[in-house]
Amino acid sequence: MLRPAGDGRLEITVRDHGPGIDPADLPHVFDRFYRARTARALPGSGLGLAMARQIAHSHGGELTAHPAGGGGALFRLVLPVEADADPHG
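Mapping of the sequence shown onto our numbering: position 37 corresponds to residue 18, and the numbering continues sequentially without gaps.
Below is the structure:
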């Protein structure tokens, strides 16, 4: 979902309906190389969310993770909007 977040910012929300994020893991999901106990047997290096947050920060934004009501996870990306920016670079 895309919506205005106020103060010249846009919010993009992505929700999944999977098992969600364990509350004990939630403070660490954006740490480089962090792998939740339940994900350690799966492929991956624990860099994806750390990279996503760094990219958001490099564009003046913020990426956060939350439990979703009814199960699953909710990721929220808030980015500033520059009204007079040239869309063609």
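In this text, a Cβ means the ideal position worked out from N, Cα and C, and glycines have one as well.
Proximity below 8 Å, CB of residue i to CB of residue j
i: Val62; j: Leu(-9); result: yes
i: Arg(-4); j: Leu44; result: no
i: Gly27; j: Phe14; result: yes
With 16 other Cβ atoms within 10 Å as the buried cut-off, status of residue i
i: Leu58; result: buried
i: Ile36; result: exposed
i: Arg(-16); result: exposed
i: Arg34; result: buried
Nearest-angstrom beta carbon gap, residue j and residue i [assumed within contact, 8 Å]
i: His47; j: Leu60; result: So it is not a contact: roughly 17 Å between Cβ atoms.
i: His(-2); j: Gly52; result: 6 Å
i: Asp3; j: Ala17; result: 6 Å
field: Segments assigned beta strand (DSSP E), at least 3 residues, entirely inside the stretch 25 to 51
entry: 43 to 48
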